[in-house]
Amino acid sequence: KAGVTQTPRYLIKTRGQQVTLSCSPISGHRSVSWYQQTPGQGLQFLFEYFSETQRNKGNFPGRFSGRQFSNSRSEMNVSTLELGDSALYLCASSLGAQLDYGYTFGSGTRLTVV
Amino acid sequence: AQTVTQSQPEMSVQEAETVTLSCTYDTSESDYYLFWYKQPPSRQMILVIRQEAYKQQNATENRFSVNFQKAAKSFSLKISDSQLGDAAMYFCAYSSNDMRFGAGTRLTVKP
């Protein structure tokens with residue numbers, strides 16, 4: 016059974032550009048969540064999607080957005096990139112809306128903004 | 123809002139010894155779940171152990187066990203017979219409507 020797949024693994028962008036990250040959850044998982052991980056702030060929750068609907072949203076500016084498709088694959092987009100957006104972006108999937116069994120994480124996308 | 127606190131930024135243990143990582147959390151809810159995740163240098167977060175708040179019995183997974191004190195809102199992880207492969211960042215997490223993580227504890231295992 017394939018795990019959570021995130022693409023690309025590494026990305027270098029210039030300040031002001033926009034970027035789209037992709038996440039394919041484990042087959043059958045309907046919930047996808049995104050986290051930003053930085054050395055200074057740790058793991059911060061971005062948003063969660065369940066059955067194509069955003070169920071929860073963290074405290075990030077509107078430049079951060081996401082969506083989920085009917086096959087549960089998810090994308091997150093960051094517009095007008097800032098240097099502070101450099102981070103490891105982790106995607107995690109779970110079977111249902113309840114997180115009682117926790118997440119399965121992908122290996123992340125390392126975004127560097129220069 | 124729920125918060126998760128890991129007060130030990132770094133811990134070190136001798137191979138084959140036992141180490142305990144601390145975690146406290148703050149919540150007003152009665153039904154929730156707690157987790158410990160491990161993040162090795164490969165970056166992928168791996169679930170180590172989970173605990174259901176309504177269960178008083180402490181969870182155990184092989185060499186990993188927890189000490190769950192609901193009234194004290196404490197959830198520590200004990201690693202027995204530490205191995206070199208246990209070296210990683212360990213994150214405590216609280217889950218209700220979403221999942222919140224602590225800042226992490228970096229565990230070093232000395233041979």
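Just so you know, the sequences run in chain order A and B.
If you read the first sequence in this note's numbering, its first letter stands for residue 16, the second for the next number, and so on.
If you read the second sequence in this note's numbering, its first letter stands for residue 123, the second for the next number, and so on.
Glycine residues also receive a C-beta, built at the ideal position from the N, C-alpha and C atoms.
- Judged by beta-carbon spacing, Phe197(B) lies within the 8 Å limit of Cys214(B), meaning their Cβ atoms are closer than that value.
- Membership of Cys145(B) in any beta strand (DSSP E) is not indicated, and neither H nor E is assigned to it by DSSP.
- Closer than 8 Å to the CB of Tyr116(A) there is at least one CB belonging to chain B.
- Of all residues in the region 92-104 of chain A, those with a C-beta nearer than 7 Å to a C-beta of chain B are Leu103, reading in chain order.
- Within the region 167-197 of chain B, the residues whose Cβ lies closer than 9 Å to any Cβ of chain A are, in chain order, Met167, Ile168, Leu169, Arg172, Glu174.
- Taking 8 Å as the threshold, the shortest C-beta distance from Gly207(B) to chain A does not fall below it.
- The three-state reading of DSSP puts Leu98(A) in helix, counting H, G and I together.
- Counted as a single uninterrupted DSSP element, the stretch harbouring Arg185(B) is not any beta strand (DSSP E), since DSSP gives it neither H nor E.
- Using a Cβ-Cβ cut-off of 9 Å, Arg222(B) is close to Leu58, Phe60 of chain A, given in chain order.
- If you ignore the 5 residues before and after Lys232(B), its C-beta comes within less than 8 Å of the C-beta of Ser134, Val135, Gln136, Glu137, all in its own chain and listed in chain order.
- Within the same chain, Cβ atoms closer than 7 Å to the Cβ of Gln59(A) are found at Tyr50, Gln51, Gly73, the five residues on either side in sequence being excluded.
- Selection Val170(B), Met167(B), Leu156(B), Leu169(B) evaluated against Tyr176(B) yields Leu156(B) as nearest (Cα-Cα).
- Taking the CA atoms as reference points, Tyr118(A) sits about 32 Å from Thr29(A).
- Just so you know, the alpha carbons of Arg70(A) and Phe62(A) end up roughly 8 Å apart.
- Straight-line spacing of the CA atoms in Ser101(A) and Thr53(A) works out to 8 Å.
- Interface annotation, Gly111(A): not in contact with chain B, CB-CB separation never under 8 Å.
- Proximity of chain A to Ser164(B) at the Cβ level (cut-off 9 Å) is accounted for by Ser122, in chain order.
- Where Arg125(A) is concerned, the enclosing beta strand (DSSP E) starts and stops at 124-128.
- For Glu63(A), the chain B residues whose Cβ falls inside 8 Å of its Cβ are Asp220, in order along the chain.
- Under the three-state reduction of DSSP, Leu105(A) is assigned to strand.
- From the beta-carbon of Asn71(A), the residues of chain B found nearer than 8 Å are Asn219, Asp220.
- Per the coordinates, the alpha-carbon of Ser39(A) lies some 31 Å from the alpha-carbon of Thr127(B).
- DSSP, read as helix, strand or coil, puts Gly81(A) in strand.
- Only residues of its own chain outside the window of five on either side were considered, and among them Gln128, Gln130, Met133, Leu143, Tyr212 have a CB closer than 6 Å to the CB of Thr227(B), listed in chain order.
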